[in-house]
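These notes are about the structure you will find just below.
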Amino acid sequence: MGLYASFRAIDEQTAESLQDDPDTVERLLGEEDEAEDPAPLAIVDVDKAWHGLHFLLTSIAESSGAGEDAPLAQAILGGEPLHEDEDVRVMTAAEVRAVAAALAVITEEQLRDAFDPEAMSAADIYPDIWVRDGEEALDYLLIHFPTLVGFYRTSADSGHAALLRIC
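With our numbering applied, the sequence shown corresponds to residues 1255 to 1421, in that order.
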């Protein structure tokens, strides 16, 4: 089956209440009925591309001198873990705005330059397709990148926080 990353825009009040009500996470990320959801990008997933995108964005952040704590490097695995569960994280609206701004200036050329199949394989970046698939693996990441950018842009414009889950 594999590991997938899901992102959900949430209001600040919901973000703050998640620590007290972890069952809300399943409800929020399990909702598929877009008719009840006023924001078209309120729930998105980037399939199995999440770890590869994290590698590329972190590489770009580090090469610019910004480091692992830079907003760009936080797009996939940022925020605070919910109930010590590293697979579910919550980002504040301020963090969402910072990530959106950082992603907005990233070019396809930068992503291509950061793509290093051998380094990704050596670092056990999931899924293990980078060396085997080469350019096709890069294309897979490039297909999912606009989804990530759109999610953060829309969430930031709406003043939302975010719920992130890898499962």
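By construction, the Cβ of each residue, glycine as well, lies at the ideal position given by its N, Cα and C atoms. These numbers were taken from a predicted model, which means no experiment stands behind them.
Uninterrupted alpha helix (DSSP H) stretches inside the segment 1292-1380 (no shorter than 4 residues):
Here the runs fully enclosed are 1304-1317, 1347-1358, 1362-1368 and 1371-1376.
Distance between Arg-1343 and Asp-1265 (C-alpha atoms, nearest Å)
Taking the sequence shown and counting its residues from 1, the one referred to as residue 1265 is at position 11. Taking the sequence shown and counting its residues from 1, the one referred to as residue 1343 is at position 89. Each residue's Cα considered, the two are about 14 Å apart.
Does Arg-1262 pass the burial test, meaning 16 or more other C-beta atoms within 10 Å, or should it be called exposed?
Position 8 of the sequence shown, counted from the start, is the residue given in the question as residue 1262. Around the C-beta of Arg-1262, 16 or more other C-beta atoms lie within 10 Å, and the residue is accordingly described as buried.
Hey, how far is the Cα of Asp-1275 from the Cα of Leu-1417?
For the purposes of this step, residue 1275 is identified with residue 21 of the sequence shown, where counting begins at 1. For the purposes of this step, residue 1417 is identified with residue 163 of the sequence shown, where counting begins at 1. Each residue's alpha carbon lies about 13 Å from the other.
Cα separation between Ala-1327 and Val-1353?
Your numbering for residue 1327 matches position 73 in the sequence shown. Your numbering for residue 1353 matches position 99 in the sequence shown. Taking C-alpha positions only, Ala-1327 is separated from Val-1353 by approximately 8 Å.
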